[in-house]
Structure formats: structure tokens, C-alpha cells
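Colleague: Following the UniProt record's numbering, the numbering of the sequence shown begins with 1 at its first residue and continues without gaps. One structure coming up, written as C-alpha cells, with questions to follow.
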Amino acid sequence: MSDGRVANPDGMTEKCGVVGVSLRDRAAARPLYYSLYALQHRGQESAGIITHDGFQQHSHVEMGLVGDAFDQSDVEDLNGAAGIGHVRYPTAGSVDSSCAQPFSVSFKSGSLGLSHNGNLVNADEIRDELAGMGHAFTSDGDTEVIAHDLARNLLDEDLVRAVKRTMGRIHGSYSLTIMHDDTVLGVRDPEGNRPLCIGELEDGYILASESAAIDTLDGELVRDVKPGELVVLHEDGTGFDTYQLFDRDDTAHCFFEHVYFARPDSVIDDKLVYEVRRELGRQLWEESGVESDVVMPVPDSGRAFASGYAEAAQEEGEDLEFAEGLMKNRYVGRTFIMPTQDERERAVRLKLNPIKSTIEGKTVTIIDDSIVRGTTSTQLIQLLKDVGAEEVHVRIGAPQIIAPCYMGIDMATREELIASDRSTEEIRDEIQADSLSYLSIDAVAEALAASRGDLCLGCVTGEYPYDIEGEDTDRDVTRPVIDDISQPADD
Ligand code: SF4
């Protein structure tokens, strides 16, 4: 960026968080607002809520963090006991308010609101077809494509069949909360790539990307929405109906949700994220433990890995100290202003500061969740050596990222990924570590108690669970043919 504003030089960014509630006789806006706070880590670019009071929709969608996007009166003006919300970091579509969500559209038989987490890989084909039929699009985002397709299907079909028909046409990753008039529903794509769960509140039900949002409202997690399932919340907040619209043999859960994106206190697909990360840390010790004086996490997500790693080492009698040797500045946002290259190279100092006494004169193992471009790792190792580390060993709680993500994670291009064309030894040499090891794919599958075939491993194998132009697939999958809009959905 020309003004010296640089994006987080390393790392990955989750794209979105979605939520929907249907309550008995309380306004939905405030619980939605608190839920969005709980999901803020999933998107910081824009925040929005749409409610419905039984007669009309009310909407407030703004750029910025939840706390900046809403003031007291904005929340109070959102009438109605049903609503959906969204926090967004853009994936498909440009970075402006035209792509902020929830997306809303009015059509002949009512109103629709949509919140989307994920990314479609055939949105352009559907947009072209719908545009040819006279649909006017106001953004280049894929959520508007889903909204128009669903609105069109709702002209001919009931809600469930209309959703099924749209799901039969869109291809890619999606967890959606949808509001059709005052009915709130949730859908997870047939591969279950992104998370979505159902919770019970004192006076209604909630659908949310992560269970941490349910906890925030003192609710109880009921269960995950199943891949290919549609959940329709009752308008009176008394329960929900479910429809298994698609049933695939294999799923494609994004394993990075557990490794990095989700909050450690969330339960996703029946597993507490914190426990999975600790188990990944234990596996890391089993596979590539290295003798050192101290093991320390790269905060924040490295913390649970490092504690599992240290625990496994100590169980084997190793004299390995677990220490928090790197302090994170929590107030550094996603981008920061650094006019010169020299300053940019020192960006890590802005985010992380070492505690010298835990490092000086010691052999140190640092545990991180991933290496994307390698920039941060290089700077961090230099920093640790500058404050007196004798040796710096690096252990990564995930396999090498060799290929980009097309399913809604802002990662990097293939050319930017340090592991796309280098061996582990070449990367070790480049980042100047004394040793470097990654976790194996099998260890990840074991920690998640899943088979490889039930996970999306696209970014670590280069083979994807969806039919993506120019890329290989890891299963028998083809994108839908987009010329059958006149065909009714099967029962
Ligand atoms: S490619 Fe990687 S980051 Fe993207 S969905 Fe698959 S596992 Fe997750």
C-alpha cells in the first residue's frame, strides 16, 4: 500500500462470523450485538445486524469493529424478535460497504437477509446467468449471488425447496444464516467446510459460527449444524425444524479452524478447540521434540500447542520449562503504518516483545501455528537471538502451507507462500532457525479424530475438496452445471 500502511505481513485471516436468533418476546438486536462481539476475531472490516418485526426489516450495517459500528440508538432502533448478524473481513468482493453484510434484498414474495461465511467457487457463473435474466447486482460479492438465486427460487418454491435448489447450484464453502421475512434459518454446505452451530437460549434459539457466541448469551450448545443440513428456527422462539438436504459420504471440515481461526473456548464439530490444540502440541513433541531449556508459544494461538508440547515432554522426564517469553501488543490492528522497508522489516517488534530474562543464554523452542510467508518467523528468530538465545528451534503445529485457500481464508498467493517451492531444510535456512519441524497431516487427522478424507487439506496438499478451475481435487467432485434453473428441486 502506497501510504506506508502495511497489512499484517504474515499470517492468515478468517473471513467472517455469522449469527441468527429467534426469540420469544424480546428484541433480537442486543443478543445479536453481543454475539458479534464474541465473533469479532472472525472479521474486523465491517459489522451488521438485520432484524424483522413481523412487518418489515430493520438494518444497520457499518464498516469497522462491532464497538465502532453500533451505538446505543442503532441497537435500539433494530426492532423485532428475529434477526441475523455478521462480522466480515472481505474474501470475494471489494473492501467497501457495498460488500458489508448481512446482505438484504426485497422481492415479490417478501424480504431476505443473508450472512455468509465461506467462499463460492462458481459465483461468477451464477451471477452471469442471473444478470442475463435481468437481475441487477450492486456488489461483486458472492453473497449477493446467493441472495438473488434464493429470491428467484422463492418465487416458485416453498422455503425448504428453494434453499435446496440454491444449494444444488452453488459450489464452494458456505455457512449461512438467512432471514426470510421473520423466519431465521441456518445452512452449512454439504462438505461442512466452515463451522455453524445451534444453541438454546432462555427464551429462544441461536445459530452461530462458534459456540463462544452462545456462551456469551448464557445459552447451551445444542449441537453443530450437520454438513448439508438446513435448520429453520421457529418464529416464536420455541424450537427448530431440520432438513438434511444433502448427504455426502465425505465432509471437508477446514482443519485450520481448530489450528488457528476459532476461539480456543469454542466447541467445533464436537471438539473443544483448546483441547485439539493441546493434543496437536503433544503430537508435535512425539514427532519432532527437540532438547531445549525452554519452550514458549508465539502468542496467542501457539499457547495451547506449547502447553501440550511441554506436558508431553515433561511426562517423558524431559527438563523442559514452559514460559511465556513473548509479550503481544494487543492494540496493533490488522494493518499499521510503516513508511520504510527497514521499518517494515522490524514490524514484529511492534507486535511482540521478548522477556529477556526467560531467553538470555538459553536454548529456546518456539511453537507457532503456521508459517505463511515466513516474514514474521525470520524477524522473530532474529529478535530472540538479539536478546541472547543460544539456539532457536521452531516447531509448527500444522503441516507446510504449500497452496492458497479458495474457501474464504485470506492467506497468500502461491508465489508468496514460503513452503510452496522450498523444502523444510531450505525454509529453516531462510528463517535462520537452528531446527524446524512441522506437524504431519496424519497427526492433524489423529488429533481431530477424523480421517483425511473428512478434512479439507487443500492448502497443505494442493488438492481441494471442491472443483476449482486450474487446481486438483482430492475426491470425485464436479461443480454443478448452471443451466438448469427451470428444473424443480427433488423432494
Ligand atoms: S484450504 Fe486450508 S484454510 Fe482453506 S478451507 Fe481448506 S484447510 Fe481451511
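Even for Gly, the Cβ is constructed at its ideal location relative to N, Cα and C.
Between N193 and the ligand SF4, is the CB less than 7 Å from at least one heavy atom?
Modeller: Numbered from 1 along the sequence shown, position 193 holds the residue referred to as residue 193. Yes, the beta carbon of N193 sits closer than 7 Å to at least one heavy atom of the ligand SF4.
Colleague: Looking at the secondary structure, which residues open and close the beta strand (DSSP E) in which F246 lies?
Modeller: The residue labelled residue 246 in the question sits at position 246 within the sequence shown. From DSSP, F246 is part of no beta strand (DSSP E); its letter is neither H nor E.
Colleague: Residues in the same chain with beta-carbon distance under 8 Å from G374, minus the five sequence neighbours each way, listed in chain order, please.
Modeller: Counted from its first residue, the sequence shown places residue 374 at position 374. Closer than 8 Å at the Cβ level, and outside the excluded window around G374, lie D10, I418, I427, E430, I431.
Colleague: Look up E62 in the DSSP assignment and say whether it is helix, strand or coil.
Modeller: If you number the sequence shown from 1, residue 62 lands on position 62. In the structure shown, E62 sits in a strand (DSSP, three-state: E or B).
Colleague: Could you give the DSSP three-state label for G67: helix, strand or coil?
Modeller: Numbered from its first residue, the sequence shown carries residue 67 at position 67. G67 falls in the helix class under three-state DSSP.
Colleague: Among V387, D158, E191, which residue has its Cα nearest to the Cα of H180?
Modeller: Sequence index remark: in the sequence shown, residue 180 carries index 180 (1-based). The shortest Cα separation from H180 among V387, D158, E191 belongs to D158.
Colleague: Which of helix, strand or coil does DSSP assign to K15?
Modeller: Counting from one through the sequence shown, the residue named residue 15 turns up at place 15. Coil.
Colleague: Counting Cβ pairs, one atom from each stretch, are 3 or more of them under 8 Å apart for the region 120 to 128 and the region 202 to 222?
Modeller: The answer is no - the region 202 to 222 does not touch the region 120 to 128, with fewer than three Cβ pairs under 8 Å.
Colleague: Mind checking which residues open and close the alpha helix (DSSP H) that includes L130?
Modeller: The count along the sequence shown starts at 1 and reaches residue 130 at position 130. From DSSP, the alpha helix (DSSP H) with L130 extends over 123 to 132.
Colleague: For K226, which of helix, strand or coil comes out of DSSP?
Modeller: Numbered from its first residue, the sequence shown carries residue 226 at position 226. Note: K226 maps to coil in three-state DSSP.
Colleague: Leaving out five residues on either side along the sequence, give the residues of the same chain with a beta carbon under 7 Å from the beta carbon of D490.
Modeller: The residue given as residue 490 occupies position 490 in the sequence shown. For D490, the predicted structure reports a pLDDT of 48, less than 50, and the residue's modelled location is therefore unreliable. A value from the coordinates is still provided. There are no such residues.
Colleague: Are R452 and A443 close, meaning C-beta to C-beta below 8 Å?
Modeller: On the sequence shown, residue 452 is found 452 positions in, with the first residue counted as 1. On the sequence shown, residue 443 is found 443 positions in, with the first residue counted as 1. No, they are not a contact pair.
Colleague: Of all residues in the structure, which have a C-beta closer than 5 Å to any heavy atom of the ligand SF4, taken in chain order?
Modeller: Result: C254, F256, C405, M407, I409, C456, G458, C459.
Colleague: Taking L201 as part of the beta strand (DSSP E), name the residues at either end of that continuous run.
Modeller: Locating residue 201 in the sequence shown gives position 201, counting from the first residue. Taken as a continuous stretch (DSSP letters only), the beta strand (DSSP E) holding L201 covers 197 to 201.
Colleague: Under 8 Å Cβ to Cβ from P299, same chain only, skipping five residues before and after it: list those, please.
Modeller: Working through the sequence shown from its first residue, we reach residue 299 at position 299. Closer than 8 Å at the Cβ level, and outside the excluded window around P299, lie E324, L326, M327, K328, L352.
Colleague: With distances taken from CA atoms, which of V19, Q40, E229, E287 is nearest V66?
Modeller: Position 66 of the sequence shown, counted from the first residue, corresponds to residue 66. V66 has its Cα closest to that of Q40, out of V19, Q40, E229, E287.
Colleague: What distance in whole Å lies between the Cβ atoms of E287 and L439, which are believed to be in contact at a cut-off of 8 Å?
Modeller: As a working mapping, residue 439 is identified with position 439 in the sequence shown. As a working mapping, residue 287 is identified with position 287 in the sequence shown. Contact holds; Cβ gap of about 7 Å.
Colleague: For H234, does the three-state DSSP call read helix, strand or coil?
Modeller: Locating residue 234 in the sequence shown gives position 234, counting from the first residue. Coil at H234, not helix or strand.
Colleague: Can you pull the DSSP bridge partners for T363?
Modeller: Sequence index remark: in the sequence shown, residue 363 carries index 363 (1-based). Looking at the DSSP assignment, T363 forms a beta bridge with E391.
Colleague: Enumerate, from N- to C-terminal direction, the unbroken alpha helix (DSSP H) stretches of 4 or more residues contained entirely within the region 147 to 211.
Modeller: Runs found: 159 to 169.
Colleague: Taking Cβ to Cβ, would you say G462 is nearer than 8 Å to A412?
Modeller: Along the sequence shown, read from residue 1 onward, the residue named residue 462 stands at position 462. Along the sequence shown, read from residue 1 onward, the residue named residue 412 stands at position 412. No, the pair does not count as a contact, with Cβ atoms beyond the cut-off.
Colleague: On the three-state DSSP scale, how would you describe R479?
Modeller: Position 479 of the sequence shown holds residue 479. Coil.
Colleague: Between which residues of its own chain and G54 is the CB-CB distance below 6 Å, once the five residues before and five after are set aside?
Modeller: Taking the first residue of the sequence shown as 1, we reach residue 54 at position 54. The answer, listed in chain order, is D182.
Colleague: Any idea if Q283 is buried or exposed, counting beta-carbon neighbours within 10 angstroms, 16 or more meaning buried?
Modeller: Along the sequence shown, read from residue 1 onward, the residue named residue 283 stands at position 283. Classification for Q283: buried.
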